[in-house]
């Protein structure tokens, strides 16, 4: 077993936030380039872009966590996830439930795919530049989900548990998960 806990090291959190900001800036640059090549953007000034981008991201943030909640419930056959506020962020967790790799990957990637797709559709009808900012802020936030998926790169990982203390990756089924593994075989 090994664990990923981003929030236990303050220096790591600061570096990760800088990395997220870098991803946001690169996403904005690439998105503008792609949008200009495909459509005419209804340009707003930078202040409106940032204000609408942050307000829009606040709404998207809660949708993001709601999608995680729904996916945790679906993949765990109805168990209820827990919420926790850590470092000013509301996070969704599912302790004492073990997921296979594909299940955990689906749970983590669902908000990125769903929200980005919806924002892309909205942008195709209303090409406001602030929508680009909202989408890019969300992509930057999704980098955290991608970071949690890095444990799946280990080919020996069999089960994943998303706890409040961090993500636990099991290379062998833990004792409480034996019941889970027999369920999977039947």
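In my numbering, the protein residues as written are 1 to 186. All C-beta atoms in this analysis are idealised placements derived from N, C-alpha and C, irrespective of residue type, glycine included.
Inside the stretch 123-155, DSSP marks whole alpha helix (DSSP H) runs of 4 or more residues at positions 129-149, from first to last along the chain. A Cβ-Cβ separation of about 6 Å places residue 4 in contact with residue 166 under the 8 Å criterion. Here residue 23 has 139, 140, 143 as same chain residues with Cβ atoms under 8 Å from its own Cβ, once five neighbours each way along the sequence are excluded. Judged by DSSP in its simplified three-state form, residue 95 adopts strand. For residue 20, same chain residues with a beta-carbon under 8 Å away, outside a window of 5 residues either side, are 140, 141, 143, 144 in chain order. For residue 33, the enclosing alpha helix (DSSP H) begins and ends at 10-38.
By the beta-carbon neighbour count (other beta carbons within 10 angstroms, threshold 16), residue 115 is buried. Beta-bridge partners of residue 82 (DSSP): 93.
For the 8 Å CB-CB criterion, residue 127 and residue 40 form a contact. In this structure, 32 is the residue among 32, 75, 106, 12 with its C-alpha nearest to the C-alpha of residue 130. Under DSSP, residue 170 takes part in a beta bridge, and its partners are 159. Between residue 122 and residue 28, the gap from beta carbon to beta carbon reaches 8 Å or more. Separation of residue 99 and residue 44 (C-alpha to C-alpha, rounded to the nearest whole angstrom) is 44 Å. Classified as exposed, residue 155 has fewer than 16 neighbouring CB atoms from the shown chains inside 10 Å of its CB.
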